[in-house]
Amino acid sequence: MCGIIGYIGNNNAYSILIQGLKKLEYRGYDSAGIALSNGNIKVFKCQGKVADLEVYSSNQDISGKAGIGHTRWATHGEPDDKNAHPHSSMEGDFILVHNGIIENFAELKADLLKNGFLFKSDTDSEVIVNLMEYYYRQGKSTSSETAVRLALSKTKGNFAVAVMCKNDKDQIIAARRGSPLVIGIASDAYFISSDVSPVVNQINSLIYLNENDVAIITKGSLTIKTLENAPAPFKISQSEITGLELEKGNFEHWMLKEIFEQPKIISDILHDRIVHDQTGIRLDGLNSVYSKLPEASRIIIIGCGTSWHAALIGEYLIEEYARIPVEVEYASEFRYRNPILKPTDIVLAISQSGETADTIAALQMAKNSGATILGICNVFASSIVRLTDAGLFTHAGIEIGVASTKAFTAQVTLLTLLAIKLGMDRGILSAEVSQKLIQELIQVPAKINSILDNHLDIRIIAEKYKSSVNALFLGRGTLFPVALEGALKLKEISYIHAEGYAAGEMKHGPIALVDNKIPIIVIAPKDMNYLKSVNNIHEIQARKGKIIGVITKGDTDLSSLITDNFEIPEADPLVTPLLAIIPLQLFSYYVASALGCDIDQPRNLAKSVTVE
Ligand code: AGP
C-alpha cells in the first residue's frame, strides 16, 4: 500500500506535503517523492524514507502553492529512484502519483510502445501517466481532465491517483477505483490524501471519494464527476478522528503508544455496547441483518494476518457460548479455492484497514453468492465498510504501528460481545451466566492496566532473549490463536523466526525443536487446559528447553518451575485471550527495541496490504 498527499491553496506546499508524507509513511516507506507547481512543475523523488527526500530536495527550489506527494511500498519494480513516484509522462505533460495495481498494464504498455512512447521505470504507474499524455496529444481539444478520465477508463485493477498537468499548473485531478482517497476542505485550501491522518489538523471537513469518482481541484473550486463525465453525488462529512490521536506523546514508538491505549479503547467499546444496567449487549451496527444471525446455519469468518487470529478466537467463542457453527478462512485462500457458499451463509470479514485486497476479494465473492456479508473494521468509509450489508467499527482510533495491537484486542472484544449476545438470544446462556460473563469483560481494562504496570519486568526478560534465532509460542483453546499472534508480532518487528503452535501438537513434531537455545513461550493460565499445559512444560524441561511462561498471577506451582514468567490476573477463560496477548505484545516490542529494529516501519511490510 502506498501513501498519496496533495495540496492546493494559499500556502507553500512543500512543508505541507513533507509533513503529510511523514504521517503516511506507515503505509509504505521504500521511496518517496513530491511534485511542486510554480511556473512549471518540478519533481523531487528518491529511494528511502521521507527524511531522505527532505535531504535530497533541501537546497533546491521548493516553492509552489500546489503539489502532490507519494510514499511507496513497491509492487511493480524495485524500490529505487527511477521507480519512485511521482512519475512524469514522456513529454512531461502529466505528473502522477498512484496507489494500487493496474492489472492490464502490460498490454497498455505494449500499445504505448507501438505508439512511440518510451519508459523510464518498471512501474505500472508510468503506464497510466503515458496513457494520459497519449490521449491528451491525440485530440486537438482534449482537456487534461478528459485525458485523465479516458486513460483511467482504459485501466483494469485499482487505483487512487493525483495528477498534475503542465498546461494546467494550478489544478490537481484526483481519482479512485478500489483504493481510498479523501478530499480535505480547509478555508483557504484543498487537500488530497490516502487517509485522514495527515490532514485532520488542517481541515474543517472532508469528502470520501466514491468508486470511479474524479475530482478536479483548483485553488478556489472543487468539481466531482464520474469517470464517464457525469456529475457525481458526494457527501461532506466531519473527520472521525481528532488531532490528539496523532501525537506519539512521550512514547518512543507508535506501537508502544497503541499497546498502552488498549485499556481505554476496550473500556470505550464496552461502555458503548453493554447496556446501562449491564444485563445486555447492543451491537446496533448489525441491526439491519441481526435477525439472520441467531438462526444462521454457519458463520464464516475471513481475514488475514492478525485479523485472522482474531477470527480464530471468534470461532472458539461463538461455538462455545452460542453453539453456532463457525468456519475461519484465510481470505487469500478462500477467494481462490472455489468454496461452497450458500445464500443462508453469514460471512464476516475482519480487517483493521478495511482495504486488504484479499479480504475484499473474498468478501465480494461471498456477496456474489448471495451470502449475508458483515464486517468488523477500524477505518470508516473503507472499501470493506462500503461493501458489507452491515458491520461493527472497532473505534480503536487510527493505528499507525504496522504491527497491529490495539485493533486486534478491539476486534477480539467485539467478537466476545457478539458471542455472548448470540448465546443470550439463542437461549444458550442464562441471564445469570451472561451477566457474570459481562462482568468479567468489564474488568478487562483494569486487568490489562495491571499487566502494563509491569512492562519493565517484561522488558528485562525480553532483553535476555534478544539474540534468539528462533522462538516457539504454545497455547491451547483460545490461547492457541494468541500463540499465533504472539509469534507474528515477534516475527514482524524483530525479524526473529517465530512459530505459534497448538500446545497439544508439540509431541507431533515441534518438540524436535527443543534444545537449550530456543525460547519457548507457553501460555498456561489456570484454566480448563492448565494441567495439560503443565505437562507440556515438563516435556520441554525434560529436554533442557528454555521456557517463558504466561501464567496466572500467584501461581507459585508454575513460577517455581519456570524461571521467566509473565503474570496475568486471574480471569474467566472468556477474557483470557485479551489478557494473555498483552505481555506477548510487550515482549516482542522490547526484543525489537533491544535489537534497534525499525519498530513502526518494519522492513518489507506495509500497514495495509492493498495488493494481492
Ligand atoms: C498485523 O500485525 C500485520 N500488520 C498484518 O498481518 C495485518 O494484520 C494483515 O495485513 C491484515 O490487515 P487488515 O486487518 O487491515 O485487513
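Take 662 as the starting number for the sequence shown in the numbering used here and just add one per residue. We put the CB at the ideal spot given by N, CA and C, even for glycine.
Cutting at 8 Å between CB atoms, please list the residues of its own chain near residue i, excluding the five before and the five after it.
i, result
"E739", "D783"
"K817", "I763, E764 and N765"
"E752", "E794 and R798"
Once you ignore the five residues that flank residue i on each side, which residues in its own chain have a CB closer than 6 Å to its CB?
i, result
"V758", "I665, I729, H731, H746, P747 and A823"
"P1234", "D1188"
"K684", "S858 and P859"
"L1035", "L1009, T1049, A1051 and G1052"
"I885", "D874, A876, A893 and F895"
"I617", "Residue 617 lies beyond the stretch modelled for the chain, which goes from 662 to 1273, so this question has no answer here."
"P986", "R959"
"N1190", "R1137 and G1138"
"P1142", "H970, L973 and I974"
"I695", "L678, F705, G728 and G730"
"D1225", "I1122 and I1209"
"T1074", "I927 and I930"
Give the secondary structure of residue i by DSSP, where H, G and I count as helix, E and B as strand, and everything else as coil.
i, result
"R1204", "coil"
"N819", "strand"
"F852", "strand"
"I1122", "helix"
"M662", "coil"
"F766", "helix"
"M916", "helix"
"E686", "helix"
"M1026", "helix"
"V875", "strand"
"A696", "strand"
"R798", "helix"
"L1235", "coil"
"Q923", "helix"
"T1213", "strand"
"K1168", "helix"
"E739", "coil"
"Y997", "coil"
"H1199", "helix"
"H937", "coil"
"S898", "strand"
"H1158", "strand"
"S866", "strand"
"I963", "strand"
Look at the Cβ atom of residue i, then the Cβ atom of residue j, and state whether they are nearer than 8 Å.
i, j, result
"A727", "I677", "no"
"Y675", "I723", "yes"
"A1132", "I1182", "yes"
"Y717", "I920", "no"
"I1229", "I1112", "yes"
"K827", "I963", "no"
"I878", "I833", "yes"
"D741", "S692", "yes"
"K1214", "E1231", "yes"
"S698", "M825", "yes"
"K1152", "H1158", "yes"
"L773", "V788", "yes"
"I1154", "P1263", "yes"
"L813", "A836", "yes"
"Y869", "A1042", "yes"
"F852", "G667", "yes"
"I1037", "E990", "no"
"P924", "I1109", "yes"
"N819", "G910", "no"
Closer than 7 Å by C-beta to residue i: which residues in its own chain qualify, once you throw out the five before and the five after it? Chain order, please.
i, result
"K953", "I1007 and T1033"
"V815", "Sequence inspection shows Lys at residue 815; the Val mentioned does not correspond to that position. Answer for K815: L769 and L792, listed in chain order."
"A1144", "F1134, L1135, G1136, G1161, Y1162 and I1184"
"S750", "V790, N791, M793 and E794"
"N1197", "L1135, A1164, M1167 and V1183"
"K880", "I669, G670 and D831"
"S866", "I846, I897, S898 and Q899"
"T1020", "I963, G964, C965, A992, A1010, S1012 and I1045"
Please report whether the beta-carbon of residue i lies at a distance below 8 Å from any beta-carbon of chain C.
i, result
"P1234", "The question asks about chain C, but that chain is absent: this structure has only one protein chain."
Discussion item. As a quick check of your reading: which residues have a C-beta less than 5 Å from at least one non-hydrogen atom of the ligand AGP, in chain order?
Written reply: C965, G966, T967, S968, S1012, Q1013, S1014, T1017, A1064, S1065, S1269 and V1270
Worksheet item: Can at least three beta-carbon pairs, one atom from the stretch 1237-1250 and one from the stretch 1067-1085, be found at a separation below 8 Å?
Response: yes
Item to complete: Inspect the CB distances between the stretch 1112-1126 and the stretch 1092-1101 and report whether three or more fall short of 8 Å.
Response: no
Discussion item. Taking contact to mean 3 or more Cβ pairs, one atom from each stretch, closer than 8 Å, check whether the stretch 1163-1173 and the stretch 1189-1202 are in contact.
Written reply: yes
Discussion item. Taking contact to mean 3 or more Cβ pairs, one atom from each stretch, closer than 8 Å, check whether the stretch 799-807 and the stretch 835-854 are in contact.
Written reply: no
Worksheet item: Can at least three beta-carbon pairs, one atom from the stretch 977-993 and one from the stretch 924-932, be found at a separation below 8 Å?
Response: no
Discussion item. Under 8 Å, with one C-beta from each stretch per pair, do the stretch 1261-1271 and the stretch 1012-1028 reach the 3-pair mark?
Written reply: yes
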